[in-house]
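Residue numbers for the sequence shown follow the working numbering, beginning at 6 and rising by one.
Glycine is no exception: its CB is placed at the ideal position from the N, C-alpha and C atoms.
Everything on this sheet refers to the single structure shown next.
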Amino acid sequence: MIETTQLLILGAVVALGLVLLNGRRHDPREPPMVTHGIPILGHAFGLLFNGVGHWGDQAKKHPDQPIIGLDMLINKFYVITSPELVQAVQRNAKTLSFEPLLLFSAKTIAGITNPKALQILKDKEAGGEGLGARIMHSMTPTLIGKPLDKLNLHMIRLIQPFIEQLSETSTFDLYGWCKDATMAASTEATYGPMNPYADKEIQDAWWIFEENLGMLLPNIWPSVLARKPYYARKKVADAVLKYIQADGHKNASELTDVRFKVTVGAGLSLEDYSLLEVSMLLAFISNTVPAMFWCMFDFFSRPQLLAELREEIEANALKVAEDGTHSIDLSAIREKCPLLLSAFQEVLRYRSISSPTRVVVKDTLLADRYLLKAGNSVSMPSLPLSQRPDVWGESQAVFDERRYMSTGDKKDGRRTGGFMTFGVSPTVCPGRHFASSEILLLAAMVMMRYDLEPVGGVWKEPVKVKTSMVSITGPIKGKFPVTAEPRDKYSGVKWGFHVEEGKGQFPLIIG
Ligand code: HEM
6 MIETTQLLIL
16 GAVVALGLVL
26 LNGRRHDPRE
36 PPMVTHGIPI
46 LGHAFGLLFN
56 GVGHWGDQAK
66 KHPDQPIIGL
76 DMLINKFYVI
86 TSPELVQAVQ
96 RNAKTLSFEP
106 LLLFSAKTIA
116 GITNPKALQI
126 LKDKEAGGEG
136 LGARIMHSMT
146 PTLIGKPLDK
156 LNLHMIRLIQ
166 PFIEQLSETS
176 TFDLYGWCKD
186 ATMAASTEAT
196 YGPMNPYADK
206 EIQDAWWIFE
216 ENLGMLLPNI
226 WPSVLARKPY
236 YARKKVADAV
246 LKYIQADGHK
256 NASELTDVRF
266 KVTVGAGLSL
276 EDYSLLEVSM
286 LLAFISNTVP
296 AMFWCMFDFF
306 SRPQLLAELR
316 EEIEANALKV
326 AEDGTHSIDL
336 SAIREKCPLL
346 LSAFQEVLRY
356 RSISSPTRVV
366 VKDTLLADRY
376 LLKAGNSVSM
386 PSLPLSQRPD
396 VWGESQAVFD
406 ERRYMSTGDK
416 KDGRRTGGFM
426 TFGVSPTVCP
436 GRHFASSEIL
446 LLAAMVMMRY
456 DLEPVGGVWK
466 EPVKVKTSMV
476 SITGPIKGKF
486 PVTAEPRDKY
496 SGVKWGFHVE
506 EGKGQFPLII
516 G
């Protein structure tokens, strides 16, 4: 059934499309356009009902084409299925840019309306001051090295009570538990002791905003046509504003501090900063939660893998202190648990549907052959790319926990199109080491201490939300009830974590 969100988006697409349709012509040097069974609106419907999976479905229908064009009414989407053309996109990073998407997000998702603020945020190529990109880049140094160690230490202290809790709860919703643990640990580690998200009402409002933000995208009279996410966003932004006015950020992580200084230093008001912060949390939470859930699902539903992972962690990453306290060592997970690291990346590969997207800011001749016209978008869907014989061949459809273990072959893991969950350079996730620490430490400790069983006894894959606008790691619909039973082997043992300075970065594959 069509939901209000979908109707609204469709309405906006049609309205804009009718305005833009006139005069848009296909240049014969552009990639071949593919039509849909449903005239005019077919691809727009495809996107609404299948999310970015629609790009992959279309690409699969045209396996002989390395790039195809889809008319989306507002603009054209050029969809790439060849690793060589992904590399060509990477070589043209100046004209095929991620930056315009930051302005789009500031307007629609964050809800910034002040024209002066939008001008400051706009990328330099488009005549703005480039603040959007500066905010993103300012965070990179705070997510590696010492600041990352501090964040990790803080996050670990916050996540442990969630793991302790499991010995007291018999049945719980595994997905909801991943949400609560990630939200608590990520927000307090970054915002500090006055964390605005410590209030459950603010957390709930943020999830309402997250789960309904598709309604905000048309950006037409959102206070009326997208009331639910609009007022939820306002509630959270007001809480962030109060936190800033009470100097909460002065005791926060460097990650929060740098964003505040760069944003407000560039001339944005505290109100606009607060709105941007609400949408920033999407990057921190929306992919981590499903990734954490699927790790638990894929590790616990494979008894052989679970046994091997337990053995590897026990042998290499478990420390027992003189007083008998057992702790999991983050640097050992990183350096001495190759199966865990490989299985983690395989979960991300297997469960994610990503499609890194760039905007064509200037006409670009891709690989000396395909003309990409300014104003359109180019997308690189992970599914058709990784299905090519020259990437993973037949094995792409199989869950292979050893896929990313080194065999000494130079091509190990890092093949163009072989792993795109953390993005395609130069736009790569700067939070990947933090997310990996959070997910792997939590998964390692739960595996050591508990047996998890789904209610009903069968690990049946839950249905994914295909149309999420912000998460590529497979958020699920509804709940996933499980029971947790403490393992006899460690009965009565006290547990902790261990983080050594300077050892927080993982050797992760990027696209
Ligand atoms: C498993 C969890 C995560 C996944 C799969 C993930 C994935 C990604 C991807 C694919 C991009 C690039 C966007 C694109 O090309 O379309 C990205 C960007 C970004 N991510 Fe993550 N992310 C995760 C967790 C995090 C965390 C925990 C943080 C922060 C602590 C974070 C911060 C960011 C930021 C700031 C950007 C924007 C980078 C830029 O514009 O240059 N991410 N992420």
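Can you name the start and end residues of the alpha helix (DSSP H) that H48 belongs to?
That run of the alpha helix (DSSP H) goes 47 to 55.
From Y236 to C342, what does the alpha carbon distance come to, in whole angstroms?
Distance between the alpha carbons of Y236 and C342 is about 45 Å.
So the candidates are V460, F109, F427, V294; which of them puts its Cα closest to the Cα of A448?
Ranking V460, F109, F427, V294 by CA distance to the CA of A448 puts V294 first.
E351 classed as buried or exposed, judged by whether at least 16 other C-beta atoms fall within 10 angstroms
By the 10 Å Cβ count, E351 comes out buried.
Going by beta carbon distance, what residues of the same chain come within less than 6 Å of A122, once the five residues before and after it are set aside?
For A122, the CB contacts under 6 Å within the same chain, skipping 5 residues up- and downstream, are L273, D277 in chain order.
So, for E250: in the same chain, excluding its five sequence neighbours on each side, which residues have a beta-carbon less than 8 Å away from its beta-carbon?
Per the sequence shown, the amino acid found at residue 250 is Gln instead of Glu. Result list for Q250: L275, in chain order.
Considering P105, what are the terminal residues of the beta strand (DSSP E) in which it resides?
That residue, P105, is in no beta strand (DSSP E); its alpha helix (DSSP H) goes 104 to 113.
Separation of A312 from V504, as counted between CA atoms:
Spanning the two alpha carbons is a distance of roughly 25 Å.
Segments of 3+ residues assigned as beta strand (DSSP E) that fall wholly inside the region 312 to 379
Listed in chain order, the beta strand (DSSP E) runs fully inside the region 312 to 379 are 323 to 325, 331 to 334, 362 to 365, 369 to 371, 375 to 377, counting runs of at least 3 residues.
Contact under 8 Å by Cβ, P467 with V487:
No, these two residues do not count as a Cβ contact at 8 Å.
Reduced DSSP category for M38 - H, G, I as helix; E, B as strand; rest coil:
Three-state DSSP puts M38 in a strand.
Return the residue from the list A49, G74, W464, Q63 that minimises the CA-CA distance to N381.
Cα-wise, what sits closest to N381 is G74.
Check for me: the beta strand (DSSP E) holding E490 runs from which residue to which?
That run of the beta strand (DSSP E) goes 486 to 491.
Is there at least one non-hydrogen atom of ligand 1 closer than 7 Å to the beta-carbon of M160?
Not one heavy atom of ligand 1 is found less than 7 Å from the C-beta of M160.
Kindly identify the DSSP beta-bridge partner or partners of S228.
By DSSP's assignment, S228 forms no beta bridge with any residue.
Would you call the CB atoms of L260 and M144 closer than 8 Å?
Yes, Cβ-Cβ distance for L260 and M144 is below 8 Å.
Express the C-alpha separation of L445 and D405 in angstroms, rounding to a whole number.
Cα-Cα distance, rounded: 18 Å.
Could you check whether the Cβ of C342 sits closer than 7 Å to any heavy atom belonging to ligand 1?
The answer is no for C342.
Any non-hydrogen atom of ligand 1 within 7 Å of F288 CB
According to the sequence provided, residue 288 is Ala. The question's Phe does not apply to it. Using a cutoff of 7 Å, the CB of A288 counts as near ligand 1, since one of the ligand's heavy atoms is closer than that.
Three-way DSSP call (helix, strand, coil) for G74 in this model
In this structure, G74 counts as strand in the three-state DSSP scheme.
Quick check: the Cα distance between F289 and H159, rounded to an integer number of angstroms?
Separation of F289 and H159 (C-alpha to C-alpha, rounded to the nearest whole angstrom) is 15 Å.
Could you give the DSSP three-state label for G501: helix, strand or coil?
In the structure shown, G501 sits in a strand (DSSP, three-state: E or B).
Name the one or two DSSP bridge partners that G428 has.
For G428, the beta-bridge partners assigned by DSSP are V433.
Taking 7 Å as the cut-off, is the C-beta of M188 nearer than that to any heavy atom in ligand 1?
M188 has its CB no nearer than 7 Å to any heavy atom of ligand 1.
CB contact flag (A242, D204, <8 Å):
One thing to note: A242 has its Cβ no nearer than 8 Å to the Cβ of D204.
Output the distance between the C-alpha atoms of G150 and W226, rounded to the nearest integer angstrom.
Near 44 Å, if we compare the C-alpha coordinates of W226 and G150.
Cβ pair count under 8 Å reaching 3, the region 89 to 96 against the region 359 to 376:
Here the region 89 to 96 lies against the region 359 to 376, with 3 or more beta-carbon pairs under 8 Å apart.
Same chain only: Cβ atoms within 7 Å of D262, ignoring 5 sequence neighbours per side
Apart from the 5 residues on each side of it in sequence, D262 sits with its Cβ closer than 7 Å to the Cβ of H254 in its chain, given in chain order.
Whole-number beta carbon distance between I333 and L323, since they are thought to touch under 8 Å
6 Å between Cβ atoms; contact.
For S79, the nearest candidate out of D69, A49, G181, D185 (CA to CA):
For the sequence presented, residue 79 should be read as Ile rather than Ser. The residue with the shortest Cα to Cα distance from I79 is A49.
Below 6 Å CB to CB, which residues in the same chain sit around W211 once its five sequence neighbours on both sides are set aside?
Non-local beta-carbon contacts of W211 in its own chain, meaning distances under 6 Å to residues more than five positions away in sequence, involve V241 in chain order.
Closer than 8 Å by C-beta to G28: which residues in its own chain qualify, once you throw out the five before and the five after it? Chain order, please.
With a pLDDT of only 41 at G28, under 50, the local geometry of the prediction cannot be trusted, and no value is derived from it.
DSSP puts I85 in a beta bridge; with which residues?
Answer by DSSP bridge pairing, in chain order: I72.
Among K112, V229, Q208, P33, whose alpha-carbon lies nearest the alpha-carbon of S291?
The option with the nearest alpha carbon to S291 is Q208.
For T268, the first and last residue of its enclosing alpha helix (DSSP H)
T268 -> alpha helix (DSSP H) spans 259 to 270.
Bridge-paired residues (DSSP) for S382
BP columns for S382 point to F82, V364.
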